[in-house]
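Everything below concerns the one structure shown next.
In structure tokens, the structure reads:
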């Protein structure tokens with residue numbers, strides 16, 4: 010067995026007594042900041058629940074957009090700082106959770122984005138975070154990654170600081186009922202690709218492999234059901250959290266790097282972008298005879314067949330979305346992202362383009 014280490018400092022709470030668990034935490038703090046978007050926190054009733062629980066000293070920053078911007082996290086940091094908040098409640102999908110992690114850093118470190126990004130370690134401690142995911146894809150509640158978009162550069166920046174781990178993650182699968190079908194499945198496939206890529210990462214270790222295979226097992230078993238039920242949603246949320254722990258240790262690979270381009274340039278949901286690209290990526294793994302991919306297929310012999318049942322939901326193919334110039338840009342962009350360094354095979358731009366028909 011090779012040498013390795015693993016670290017996961019987030020206290021994860023999976024409970025049917027969601028409100029009680031949240032209240033136990035909130036009672037220990039004075040000024041609470043809710044970081045969220047304009048929709049989910051309100052339509053799910055969470056804002057009202059929080060107002061009933063906190064009663065006083067609740068400050069709401071609801072300006073987080075999908076794919077949060079640098080300006081948003083700087084503005085959010087100022088909001089938390091000015092209101093002297095000592096706890097952040099992050100509620101929503103990956104965008105809200107990622108934004109909250111960056112905001113927790115800028116709230117106590119009044120610096121420019123790239124200035125703070127460049128330092129090793131933060132000068133001042135961050136504001137503690139309670140992360141409450143409302144999707145089952147990102148796993149953001151259990152890692153320190155904060156994917157922030159630089160819209161001027163059309164690039165995604167991973168603002169990853171050890172100090173930005175949430176302190177608590179509370180899993181309540183009932184919030185998944187508010188997702189439309191396409192968004193639900195897009196986030197499920199985001200979680201799947203996290204576990205899949207994590208297992209096939211150069212940084213994988215025996216611990217991450219164990220967690221990845223469990224996450225994949227849960228996802229595939231529930232995708233095989235004729236109809237999703239309450240237990241399916243609970244399982245998908247748990248599997249997503251497991252996959253978040255996986256990429257904490259392994260990172261993602263070339264597949265995610267390619268997906269970022271589709272999201273940045275074509276406004277395709279991150280999870281959907283990954284799923285559209287997955288057949289091409291599997292073709293690469295097979296062409297390169299990646300042993301670990303075939304080992305995974307032995308564990309889950311029906312994996313590809315199960316995934317293919319959902320192809321009809323996302324009919325787009327890469328060659329129908331991108332022209333040759335854009336495809337060339339995507340391949341060059343992806344090969345230069347750090348994610349690509351974790352991939353178990355190597356290829357140049359020309360070879361990569363060939364897997365998309367060019």
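Numbering (this note's numbering), first residue to last: 10 to 367. C-beta: ideal position from N, C-alpha, C; glycine also.
Check whether the Cβ atoms of residue 123 and residue 322 lie closer than 8 Å to each other. Result no, Cβ atoms of residue 123 and residue 322 do not sit closer than 8 Å.
Return yes when the Cβ of residue 19 is within less than 8 Å of the Cβ of residue 150, no when it is not. yes
Would residue 186 and residue 141 qualify as a contact pair, given that the criterion is a beta-carbon distance under 8 Å? no
Can you list, in chain order, the residues of its chain with a C-beta nearer than 7 Å to that of residue 315? Leave out the 5 residues immediately preceding and following it. 229, 232, 233
With H, G and I counted as helix, E and B as strand and the rest as coil, what does DSSP make of residue 165? Assigned with DSSP and collapsed to three states, residue 165 falls in strand.
Do residue 148 and residue 253 have their CB atoms nearer than 8 Å? In this structure, residue 253 lies closer than 8 Å to residue 148 by Cβ.
Whole-number beta carbon distance between residue 225 and residue 247, since they are thought to touch under 8 Å: Incorrect: roughly 13 Å between the Cβ atoms, too far for contact.
Rounded to a whole number of angstroms, what is the C-alpha to C-alpha distance between residue 171 and residue 284? 29 Å
Buried versus exposed call for residue 201 [16 or more other C-beta atoms within 10 Å across all chains shown]: buried
Distance CB(residue 49)-CB(residue 43) smaller than 8 Å: With respect to the 8 Å criterion, residue 49 and residue 43 are not classified as neighbours on the basis of their beta carbons.
Using the rule of at least 16 other Cβ atoms within 10 Å of the residue's Cβ for burial, across every protein chain shown, is residue 100 buried or exposed? Result: buried.
Proximity of residue 205 and residue 258 at Cβ, strictly below 8 Å: No, these two residues do not count as a Cβ contact at 8 Å.
Hey, would you say residue 157 sits closer than 8 Å to residue 77, going by beta carbons? Yes, these two residues count as a Cβ contact at 8 Å.
Any contact between the segment 82 to 97 and the segment 105 to 120? By contact I mean 3 or more CB pairs, one from each, below 8 Å. yes
Secondary structure of residue 81, DSSP reduced to three states: helix
Closest residue to residue 3 among 88, 279, 34 (Cα-Cα distance): An answer regarding residue 3 cannot be provided, because it is not within the stretch 10 to 367 covered by the chain.
Limits of the unbroken beta strand (DSSP E) element including residue 99: According to the DSSP assignment, residue 99 belongs to the beta strand (DSSP E) that extends over 96 to 101.
Buried or exposed by the 16-neighbour rule on C-beta atoms within 10 Å, applied to residue 219: exposed
Among 241, 344, 108, whose alpha-carbon lies nearest the alpha-carbon of residue 74? 108
Measuring straight from C-alpha to C-alpha, what distance separates residue 309 and residue 223? 11 Å
Beta carbon of residue 159 nearer than 8 Å to that of residue 279: Not a contact, by the Cβ cut-off of 8 Å.
By alpha-carbon positions, which one of 355, 251, 208 ends up nearest to residue 306? Closest by alpha carbon: 208.
Residue from 65, 203, 32, 167 with nearest C-alpha to residue 287: 203
Can you name, in chain order, every residue of its own chain whose Cβ lies under 7 Å from the Cβ of residue 333, other than the five neighbours on each side? 367
On the DSSP bridge list, what partners appear for residue 117? BP columns for residue 117 are empty, so no partner.
Roughly how far, in whole angstroms, is the beta-carbon of residue 197 from the beta-carbon of residue 245, given that I think they are within contact range, below 8 Å? 6 Å
Take the Cβ of residue 133 as the centre, count every other Cβ of all protein chains shown within 10 Å, and call the residue buried at 16 or more, exposed below. Counting C-beta atoms within 10 angstroms of its own C-beta, residue 133 has fewer than 16 neighbours from the protein chains shown and is therefore classed as exposed.
Could you have a look at residue 276 and say whether DSSP puts it in helix, strand or coil? coil
Any idea if residue 15 is buried or exposed, counting beta-carbon neighbours within 10 angstroms, 16 or more meaning buried? exposed
So if DSSP puts residue 139 in a beta bridge, which residue, or which two residues, is it bridged to? 98, 177
Rounded separation between residue 175 and residue 131 - CA only: 15 Å
Counted within 10 angstroms of its Cβ, other Cβ atoms place residue 311 as buried (16 or more) or exposed: exposed
Alpha carbon of residue 291 to alpha carbon of residue 347, nearest angstrom: 20 Å
First and last residue of the beta strand (DSSP E) that includes residue 128? Segment: none, residue 128 is in no beta strand (DSSP E) and carries neither H nor E.
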